[in-house]
Amino acid sequence: MKAYIFPGQGSQFPGMAKDLFTNFPVAKQIIDEADAILGFSLSSVMFEGTDEELKQTKVTQPAIYLHSILIAKLGKDFAPSMVAGHSLGEFSALVAAGGLSWQDGLRLVYKRALAMQEACEIEPSTMAAVLGLPDATIEDICKAYGPSVVAANFNCPGQVVISGSVEGIEAVGAQLKEAGAKRVLPLPVGGAFHSPFMEPARVELAAAIEATEIVRPICPIFQNVNAKPSQDPAEIKVNLISQLTGAVRWTQSVEAMVAAGATEFIECGPGKVLQGLVRKIHAEAVVSSIEME
207 MKAYIFPGQG
217 SQFPGMAKDL
227 FTNFPVAKQI
237 IDEADAILGF
247 SLSSVMFEGT
257 DEELKQTKVT
267 QPAIYLHSIL
277 IAKLGKDFAP
287 SMVAGHSLGE
297 FSALVAAGGL
307 SWQDGLRLVY
317 KRALAMQEAC
327 EIEPSTMAAV
337 LGLPDATIED
347 ICKAYGPSVV
357 AANFNCPGQV
367 VISGSVEGIE
377 AVGAQLKEAG
387 AKRVLPLPVG
397 GAFHSPFMEP
407 ARVELAAAIE
417 ATEIVRPICP
427 IFQNVNAKPS
437 QDPAEIKVNL
447 ISQLTGAVRW
457 TQSVEAMVAA
467 GATEFIECGP
477 GKVLQGLVRK
487 IHAEAVVSSI
497 EME
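Sequential numbering of the sequence shown, starting at 207, is according to our numbering.
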């Protein structure tokens with residue numbers, strides 16, 4: 207059984223999707239329409255922008271989303287038994303599985319990006335990657351500190367991202383090092399994603415998601431907040447809304463997909479970040495990038 211997986215922020219690179227735009231008429235049509243929907247030339251930044259320009263949240267999220275859905279549309283023999291996406295990638299996965307139109311997906315992703323950026327500006331906050339500690343140890347230390355620091359991304363065994371206040375991340379980071387963490391690396395992000403600090407963004411995005419039509423996808427989507435499969439539109443909406451303040455349970459999602467019968471994981475999007483994580487979660491998994499027509 208094939209599981210198609212879709213990356214989140216961090217997979218962007220200068221020149222992304224330019225080859226698709228040049229070589230596939232349908233890609234040009236979709237990218238041109240995307241520029242019109244957004245009201246600015248996203249394609250110009252994707253094709254010619256610098257690393258710094260691509261790191262802007264309002265650019266990064268729609269750029270990765272657009273690149274990912276183009277690859278799914280143009281990929282050879284796209285036939286998923288199940289799909290999942292890492293954070294932002296959950297929207298790409300839902301579109302690829304037929305649960306959401308790509309145009310509505312783009313509008314939601316852009317609104318999500320702007321809402322997250324606004325939430326970051328309300329109160330200083332940040333994230334840090336913790337390497338070399340069990341998930342449970344990290345969760346326990348975060349809970350003991352208090353609600354201003356949470357375990358936000360369970361990327362693979364031995365790699366968890368914590369999210370919260372600047373002071374909290376420093377204090378918890380020191381405790382994690384004392385507990386045996388190999389490294390605690392501050393991340394160059396604008397704020398505390400997937401934490402209670404994103405509550406203003408969650409409220410804003412909730413209204414947009416509720417007003418958007420989501421239909422039953424062609425296969426189960428394993429969602430970040432609970433690592434469980436769903437094909438129920440109402441349930442999918444609830445989980446998409448909860449995702450902004452909830453943890454990305456990627457380790458648990460991959461384990462659940464394996465338990466559901468996934469034997470091959472195919473990454474759809476820029477880069478190979480998720481392939482590396484899947485290998486660390488399930489060493490026997492076959493991983494690859496989608497083949498293009």
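For every residue, glycine included, the Cβ atom is placed at its ideal position computed from N, Cα and C.
Given the structure is predicted, the values throughout are model-derived calculations rather than measurements.
Per DSSP, the bridge partner or partners of residue i
| i | result |
| --- | --- |
| SER250 | DSSP, once it has assigned bridges, lists no residue as partnering SER250. |
| THR332 | GLY370 |
| PRO435 | PHE428 |
| LYS486 | Note: LYS486 sits in no beta bridge, so no partner. |
| LEU337 | GLN365 and ARG389 |
| ASN359 | VAL367 and VAL454 |
| MET288 | ALA209 |
| MET322 | DSSP output for MET322 lists no bridge partner at all. |
| MET498 | GLY281 |
Straight-line Cα distance separating residue j from residue i
| i | j | result |
| --- | --- | --- |
| GLN323 | GLY396 | 7 Å |
| PRO330 | VAL372 | 7 Å |
| GLN437 | GLU497 | 26 Å |
| LEU248 | GLU473 | 23 Å |
| PRO353 | LEU260 | 32 Å |
| ALA433 | VAL232 | 33 Å |
| ALA209 | ARG313 | 26 Å |
For residue i, three-class secondary structure by DSSP
| i | result |
| --- | --- |
| LYS282 | coil |
| MET404 | helix |
| GLU473 | strand |
| ALA468 | coil |
Range of the contiguous beta strand (DSSP E) that encloses residue i
| i | result |
| --- | --- |
| THR388 | Here residue 388 is Lys; the residue named in the question, Thr, does not match the sequence. Counting along the chain, LYS388 falls outside any beta strand (DSSP E), and DSSP gives it neither H nor E. |
| LYS208 | 208–212 |
| SER307 | Note, SER307: premise wrong, no beta strand (DSSP E); not H, not E. |
| VAL492 | 492–495 |
CB contact flag (residue i, residue j, <9 Å)
| i | j | result |
| --- | --- | --- |
| MET207 | PRO435 | no |
| LEU393 | ALA334 | yes |
| VAL464 | ASN430 | no |
| PRO220 | THR256 | yes |
Limits of the unbroken alpha helix (DSSP H) element including residue i
| i | result |
| --- | --- |
| LEU226 | 224–229 |
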